[in-house]
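Residues in the sequence shown are numbered from 55 upward in steps of one, following this note's numbering.
Even glycine gets a Cβ: it sits at the ideal position worked out from N, Cα and C.
Being a predicted model, the structure only gives us computed values, none of them experimental.
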Amino acid sequence: MSLIQDIKDQVKPLGKKIVLPEFTDARVLQATEMILKEGFCTPVLVGDEAKVQAAAKAEGVNIDGAVIINPATYARFDEAVDVFTKRRAKKGMTPEKATEILKKDCLFFGAMLVNIGEVDAMVAGSASPTANVLRAALQCVGTAPGLKTVSSAMFVFTDKKQYGDDGMLVFSDCGVIPNPSSEQLADIACSTVEKARRVVGMSDPRVSFLSFSTKGSASSPEVDKVVAAVDDLKGRNVDFKFDGELQLDASIEPSVAERKAPGSTVAGYANILIFPDLQAANIGYKLVQRFAGATALGPLIQGLAAPIHDLSRGCFASDIVDVCAIAAKEAK
Ligand code: ACO
């Protein structure tokens, strides 16, 4: 994808460090080799150096140039324990428990490396469920200043050039919050616009809050939730166009929009789709992938204080490399 190549070119001079904490997954080692060859960031692996090197040798990959950090001998381990203990003190965290977690759980250790600034970002999840990566991110890094909601965005590239921005649309939230409140839906819209501006340079975000109803055509508590999200956003003085509640066809198809939502500045031309819940969003992007042959990039986590990205357990090594490029671009 030329978008990713552009991002790699942009981040190459920045020398960002990205931790890939799951070295026991062969795809992580393959991705490390690929990143080192391309040289757009420095990969950081977590584990005993001899074991990491042996795994790389067994896999036939060359990881010379990667940084390897062993929690057992890491010079800043006590600092990481201290910061983690303080962050989670209200939840009963003690130095002993924190030490145990950071020694045993590579996701929490990797996320703490991000927190203390040893690395710029983390990319994980090829060997772990999404919820585990998210918990490590939430507990070790937390939300960005001023934000309450962590969610995710999926960039969907289709050959239907008449929709979105030349066939590209952003779907959210396909990966994090099972049943978002109205306020969280409004937060998700704001984070998704920011993500779209940052990752693809989207210049004119047009956000549709999706529903099975368009402008009062149906009524139910589920529709009320979406209407309340739109009302919430109206009170926030945001600098992008949004509208709802809108059905999917009214959101992206101008002829339907004319009939169902005349006068809307978004209907018919939406390029960001905010789904009412995780079930709809997750099923929605997979339908487009399978039936329309769309390429999906993500879900890219948003709303965290620093970039941490989750991978599908079915990912390819090249997907890990691509997500590392995006994480490097997002790093401060
Ligand atoms: N935004 C901000 N803060 C949050 C969020 C959020 N979305 N979710 C949880 N938190 C907070 C919690 O309130 C908690 O705060 P506290 O410690 O101050 O009380 C803190 O973060 C830590 O949360 P945990 O208790 O560790 O996590 P929780 O049990 O709330 O679970 C999780 C959060 C893991 C994100 C959960 O909502 C989840 O499993 N989501 C679904 C993920 C998933 O399986 N996605 C599948 C799709 S992926 C794909 O197919 C591409």
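As assigned by DSSP and simplified to three states, the class of residue i
i	result
G179	coil
M88	helix
V204	coil
K295	strand
D60	helix
K383	helix
V82	helix
I72	strand
P259	coil
V284	helix
F209	strand
P97	strand
D395	What is shown of the chain runs 55 to 386, which leaves residue 395 out entirely.
T268	coil
D163	With the sequence shown as reference, residue 163 is identified as Phe, and Asp is not the correct amino acid for it. If DSSP states are grouped into helix, strand and coil, F163 belongs with the helices.
S236	helix
Any non-hydrogen atom of the ligand ACO closer than 6 Å to residue i Cβ
i	result
P353	yes
Q64	no
T184	yes
L341	no
G200	no
V230	yes
L239	no
V204	yes
L156	no
R189	yes
Under 7 Å between C-beta atoms of residue i and residue j
i	j	result
E312	S267	no
M208	C228	yes
K249	Q343	no
I362	A191	yes
D285	I58	no
A360	V173	no
K314	A304	yes
I89	V137	no
G164	M176	yes
I242	I155	no
V100	P75	yes
V98	K383	no
Distance cut-off 6 Å: residue i Cβ against heavy atoms of the ligand FAD
i	result
L192	Annotation note on the ligand FAD: not contained in the displayed structure, which lists the ligand ACO as its ligands.
Note to self: I want to know whether the region 62 to 70 touches the region 91 to 103 - three or more CB-CB distances under 8 Å.
What the structure shows: yes
Checklist line | Entirely enclosed alpha helix (DSSP H) segments - the region 315 to 380, minimum 4 residues | finding: 332 to 346
Check: Does the pairing of the region 201 to 220 with the region 234 to 248 give three or more beta-carbon distances under 8 Å?
Finding: yes
Notebook entry, point to check: Is the region 214 to 234 touching the region 328 to 338 in the sense that three or more CB pairs, one from each, lie closer than 8 Å?
Noted result: yes
Checklist line | Within the region 103 to 154, ranges of the beta strand (DSSP E) (whole runs, at least 3 residues) | finding: 121 to 123
Notebook entry, point to check: Given 8 Å as the limit, is there contact between the region 99 to 117 and the region 208 to 217, that is, 3 or more CB pairs closer than that?
Noted result: no
Margin query: So, does the region 257 to 264 touch the region 365 to 379, judging by three or more C-beta pairs under 8 Å?
Written below: no
Check: If we count Cβ pairs, one from each stretch, closer than 8 Å, do we get three or more for the region 151 to 170 versus the region 178 to 192?
Finding: yes
Check: Taking contact to mean at least 3 C-beta pairs separated by less than 8 Å, is the region 173 to 182 in contact with the region 75 to 91?
Finding: yes
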